[in-house]
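A.B. asks:
There are 2 protein chains.
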Amino acid sequence: MHFELKITDPQSAARRGVITTGHGVIETPAFMPVGTAGAVKAVHMRELKDDIKAQIILGNTYHLYLRPGLEILARAGGLHMFNGWHGPILTDSGGYQVYSLTERRKLTENGVVFNSHIDGSKHLFTPEYVMDIQRVIGADIIMAFDECTPWPCAYDYASKSLDLTHRWLKRCITRFNETEPHYGHQQSLFPIVQGSTFRDLRKKSAEEIASYNADGNAIGGLSVGEPAEQMYEMTELVCGILPKDKPRYLMGVGTPSNILENIALGIDMFDCVMPTRNGRNGQLFTSKGTINLRNEKWKDNFSPLDAEGTAFVDQEYSLAYVKHLFKAGEMLGPMIASIHNLAFYQWLVGEARKHIEEGDFSSWKTMMVKQLAKRL
Amino acid sequence: MHFELKITDPQSAARRGVITTGHGVIETPAFMPVGTAGAVKAVHMRELKDDIKAQIILGNTYHLYLRPGLEILARAGGLHMFNGWHGPILTDSGGYQVYSLTERRKLTENGVVFNSHIDGSKHLFTPEYVMDIQRVIGADIIMAFDECTPWPCAYDYASKSLDLTHRWLKRCITRFNETEPHYGHQQSLFPIVQGSTFRDLRKKSAEEIASYNADGNAIGGLSVGEPAEQMYEMTELVCGILPKDKPRYLMGVGTPSNILENIALGIDMFDCVMPTRNGRNGQLFTSKGTINLRNEKWKDNFSPLDAEGTAFVDQEYSLAYVKHLFKAGEMLGPMIASIHNLAFYQWLVGEARKHIEEGDFSSWKTMMVKQLAKRL
Chain L
-8 MHFELKITDP QSAARRGVIT TGHGVIETPA FMPVGTAGAV KAVHMRELKD DIKAQIILGN
52 TYHLYLRPGL EILARAGGLH MFNGWHGPIL TDSGGYQVYS LTERRKLTEN GVVFNSHIDG
112 SKHLFTPEYV MDIQRVIGAD IIMAFDECTP WPCAYDYASK SLDLTHRWLK RCITRFNETE
172 PHYGHQQSLF PIVQGSTFRD LRKKSAEEIA SYNADGNAIG GLSVGEPAEQ MYEMTELVCG
232 ILPKDKPRYL MGVGTPSNIL ENIALGIDMF DCVMPTRNGR NGQLFTSKGT INLRNEKWKD
292 NFSPLDAEGT AFVDQEYSLA YVKHLFKAGE MLGPMIASIH NLAFYQWLVG EARKHIEEGD
352 FSSWKTMMVK QLAKRL
Chain A
-8 MHFELKITDP QSAARRGVIT TGHGVIETPA FMPVGTAGAV KAVHMRELKD DIKAQIILGN
52 TYHLYLRPGL EILARAGGLH MFNGWHGPIL TDSGGYQVYS LTERRKLTEN GVVFNSHIDG
112 SKHLFTPEYV MDIQRVIGAD IIMAFDECTP WPCAYDYASK SLDLTHRWLK RCITRFNETE
172 PHYGHQQSLF PIVQGSTFRD LRKKSAEEIA SYNADGNAIG GLSVGEPAEQ MYEMTELVCG
232 ILPKDKPRYL MGVGTPSNIL ENIALGIDMF DCVMPTRNGR NGQLFTSKGT INLRNEKWKD
292 NFSPLDAEGT AFVDQEYSLA YVKHLFKAGE MLGPMIASIH NLAFYQWLVG EARKHIEEGD
352 FSSWKTMMVK QLAKRL
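Top line first, the protein sequences correspond to chains L and A.
For the record, in the first sequence the residue sitting at position 328 is 319 according to the numbering used here, with numbers rising by one throughout.
For the record, in the second sequence the residue sitting at position 217 is 208 according to the numbering used here, with numbers rising by one throughout.
Quick look at the structure:
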């Protein structure tokens, strides 16, 4: 994997770069649609590629490990062959899912014992095993196994958890270096900065993570309920420490505004379920603000879904029709909204890239954040 | 509307024709995907047109009347403008849905009072009102308001019901002739032959219906639980009476084999929810037989979904992957299966057309029916 940093914005820490992987290039800043179980919900692979123009998608180690399971993935020749997405893939490590299973897991120095949300069966994830699993899945970018702390979090817990995450990281790196990719293409391991919303812990973690000189670095444990201002404070602090010549990935973020603000702080990669999950609930993100299709006001608005939208759904369907689909419980409603929102997120990061190149990112961002806050 | 009968099969009653409507031509025999509430479930409009190659779709008067309702449809400029399907549309009359609401309706000479399945609200459908509603929806082909009898049905009930359906038909025709299309394109009214599985009633009904010399004629009240042999017996009897120079539409039929057998008896048009409904449950129809994706045997079959299939889903996804999607409850599973099945139905009637043209329809049909019966 190679990262080329092309331009840094003079008025902010925003960066324009290119990541090259064994499955193609990713222009940054980039947004990664989430394909939890190997599929981006309600979206065909060709739509992701041709209409949404996603450059990379994300898979979840926890979900893929449980279903379809490692045997099937290995026999398929990895996730790319299994799901037919031939561009770059990133897998998370399961740390976030394990954190979400609060009642169903036990954390020790060795790893995490948890019960499957599907059938209750018991499983053990260790840092080593999570590396092995991600070798089988075969994503281009794989993530270290970490503990994602909840928010708010006591300082003492956050500090001890951070030390554990750092010890686990060493074990991940050792196992990663002892093993080979299974399918011929290179895999890169990204470590994850933790430390909750404590400045000294984030600083300590960022310094530790930076010292490994990994192909790329991630920031986890944010967007878990803390105020946006605290998220930005942590991102800014961490980005000031992480290497400039490596991509920076802010995990699980966020709203369109969150993305623009974090780009301004030096983040290169994002993922979030928001465009698809909120889309399935009838919320559309547009360059003029958000639309809630559950609102009665759209029922006789026969304008295109988004006159300025870039996807086919934006021109081919009207607001009134898509509102009707949601009201009638037609699957086509969530399908349309998911494509629209993902295409909008891709448009948004594409515009960010363009404005960084053109040197007016900061003023454009200020204007956009104002627009995005509107409720239409 | 114009129907051109091009070829009649020498060994059967199968026919090859072309229907011309204000929204384009329909090569017959034809299959119409069902778009109950103005959307074919889980399928985008562009997929219907470009991938499935549907020539005409069906909408349900009962559902569209309740949701989005006539006010919205009228303001949109009719269903074509509302849902963005610019090819031919046929709407049923609500007779079948009203029949399905056994506990929620009361039938009188005047019409049917029923309670909405959505909110319990009370509505009255009369033959005249159903014509008015279908004028507002604006389909190219609209259906007479009939009573669809259940099966089995006492002779006396079927006979009285048939007389009512015939009286309603006269009222439909009167209202239809008194009114004009709302949107500039011509609408054709198809009457419906009823009579349950009684030969004399079907004969009487077919003769009555034939006497109106309508643009096309339909056969209703079949595929409601009777053995397939009785369905074929009724179809054959009725097709022997209905005008040869007008298209014949067998409502709500059916399995791929049912369609081929009824083509051989002289049917030109079909509709059925089976490809989409069974698809959503993981059943795939193929030229080699049916596949149940719930079956464990597909979990490690990495072959294309249907190597001989004509839709993009057939080549781009594997059996194992689509089985996984169903197991994981991913919407993409039903989306893929719906496209596959609809494309298969279109392929099937397309092959039937080709074999009628080539003069070997009967032998091809015998071979196909054998293949279609297989469970893979």
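Just so you know, even glycine gets a beta-carbon here, dropped at the ideal spot from N, CA and C.
Got a sec: is the Cβ-Cβ distance from H14(A) to anything in chain L below 9 Å?
C.D. replies: no
A.B. asks: Closer than 9 Å, Cβ to Cβ, to anything on chain L: give me those residues from the region 25 to 53 of chain A, in chain order.
C.D. replies: Closer than 9 Å at the C-beta level to chain L, one finds these residues of the region 25 to 53 of chain A: T27, A28, G29, A30, V31, K32, A33, V34, H35, M36, R37 and E38.
A.B. asks: Can you check which of these residues, T357(A), L310(A), G273(A) and L339(A), is closest to G320(A) by C-alpha distance?
C.D. replies: Comparing Cα positions, the closest option is G273(A).
A.B. asks: Chain A beta carbons: is any one of them nearer than 9 Å to that of K288(L)?
C.D. replies: no
A.B. asks: Under the assumption that M222(A) contacts L233(A) (Cβ atoms under 8 Å), give the Cβ distance between them as a whole number of angstroms.
C.D. replies: Rounded, the Cβ-Cβ distance is 16 Å, inconsistent with contact.
A.B. asks: Quick one: using the 10 Å Cβ neighbour count with 16 as the cut-off for buried, is T358(A) buried or exposed?
C.D. replies: Here residue 358(A) turns out to be Met, not Thr, going by the sequence shown. Result: exposed.
A.B. asks: Please give the ranges of any beta strand (DSSP E) in the region 75 to 147 of chain L, keeping only runs that are unbroken, at least 3 residues long and fully inside the region.
C.D. replies: 80 to 83, 96 to 98, 103 to 106, 113 to 116 and 132 to 134
A.B. asks: What residues in its chain sit with their C-beta under 8 Å from that of R271(L), if we drop five residues either side in the sequence?
C.D. replies: K32, A33, P325, A328 and S329
A.B. asks: Should H315(A) be flagged as near chain L, meaning a C-beta pair shorter than 9 Å?
C.D. replies: yes
A.B. asks: Which residue from E252(A), R162(A), N292(A) and L333(A) puts its Cα closest to that of V304(A)?
C.D. replies: L333(A)
A.B. asks: To the nearest angstrom, how far is it from the Cα of G69(A) to the Cα of Y120(A)?
C.D. replies: 16 Å
A.B. asks: In chain L, which residues lie with their C-beta within 7 Å of the C-beta of N74(A)?
C.D. replies: Those within 7 Å of N74(A) in chain L are Y312.
A.B. asks: Since R58(L) meets chain A, which of its residues come closer than 8 Å, beta carbon to beta carbon?
C.D. replies: H315, K318 and A319
A.B. asks: Could you give the distance in angstroms between the alpha-carbon of L256(A) and the alpha-carbon of E224(A)?
C.D. replies: 9 Å
A.B. asks: For D236(A), count neighbouring C-beta atoms within 10 Å of its own C-beta (all shown protein chains included) and say buried if the count is 16 or more, exposed if not.
C.D. replies: With fewer than 16 Cβ atoms within 10 Å of its Cβ, D236(A) is classed as exposed.
A.B. asks: With 9 Å as the threshold, decide whether the Cβ of V264(L) is near any Cβ in chain A.
C.D. replies: no
A.B. asks: Can you tell which of N204(A), G211(A) and A298(A) has its C-alpha closest to the C-alpha of F136(A)?
C.D. replies: G211(A)
A.B. asks: Give me the Cα-Cα distance between N249(L) and L339(L), rounded to the nearest whole angstrom.
C.D. replies: C-alpha separation (whole angstroms): 12 Å.
A.B. asks: If I'm right that L180(A) touches I128(A) with Cβ under 8 Å, what's the distance once you round it to whole angstroms?
C.D. replies: At roughly 13 Å, the Cβ-Cβ gap does not stay under 8 Å, so L180(A) and I128(A) are not in contact.
A.B. asks: Can you tell which of C139(A), S3(A) and D83(A) has the C-alpha that lies nearest to the C-alpha of T93(A)?
C.D. replies: C139(A)
A.B. asks: Taking 9 Å as the threshold (C-beta atoms), are A30(A) and F74(A) in contact?
C.D. replies: For the sequence presented, residue 74(A) should be read as Asn rather than Phe. For N74(A) and A30(A), yes; Cβs fall inside 9 Å.
A.B. asks: Quick one: give me the first and last residue of the beta strand (DSSP E) that S179(A) is part of.
C.D. replies: S179 to F181
A.B. asks: Could you round the C-beta distance between D291(A) and I63(L) to whole angstroms and report it? I think they count as a contact, below 8 Å.
C.D. replies: 6 Å
A.B. asks: Any beta carbon of chain A sitting closer than 9 Å to that of Y308(L)?
C.D. replies: yes
A.B. asks: Assign S187(A) to one of two classes, buried (16 or more other C-beta atoms within 10 Å of its C-beta) or exposed (fewer than that).
C.D. replies: Under this definition S187(A) is a buried residue.
A.B. asks: May I ask you to verify whether the region 8 to 19 of chain A touches the region 301 to 315 of chain A, counting CB pairs closer than 8 Å and requiring at least 3?
C.D. replies: no
A.B. asks: Any idea if K97(L) is buried or exposed, counting beta-carbon neighbours within 10 angstroms, 16 or more meaning buried?
C.D. replies: exposed
A.B. asks: Could one say the Cβ of R66(L) lies closer than 9 Å to chain A's Cβ atoms, at least one of them?
C.D. replies: yes
A.B. asks: Quick check on this structure: which residue in I47(L), D41(L) and Q177(L) has the alpha carbon closest to the alpha carbon of H(-7)(L)?
C.D. replies: Q177(L)
A.B. asks: Report the three-state DSSP secondary structure of L2(L) (helix, strand or coil).
C.D. replies: Note on residue identity: the sequence assigns Gln, not Leu, to residue 2(L). Looking at Q2(L) - three-state DSSP - the assignment turns out to be coil, as it is neither helix nor strand.
A.B. asks: Quick one: list the residues of chain L neighbouring M322(A), beta-carbon separation under 8 Å, in chain order.
C.D. replies: K32, A33, M322, P325 and M326
A.B. asks: Can you name the residues of chain L whose CB is closer than 7 Å to the CB of D291(A)?
C.D. replies: I63 and R66
A.B. asks: Closer than 6 Å by C-beta to D206(L): which residues in its own chain qualify, once you throw out the five before and the five after it? Chain order, please.
C.D. replies: M(-8) and S179
A.B. asks: Nearest to A21(A) by CA position, among K365(A), F335(A) and T117(A), is which residue?
C.D. replies: F335(A)
A.B. asks: Between V16(A) and L49(A), how many whole angstroms is the CB-CB distance? I'm expecting something under 8 Å.
C.D. replies: About 17 Å separates the two Cβ atoms, so there is no contact after all.
A.B. asks: Which chain L residues are close to F335(A), counting only those with a beta carbon under 9 Å from its beta carbon?
C.D. replies: Within 9 Å Cβ-Cβ: nothing; F335(A) doesn't reach chain L, min ~18 Å.
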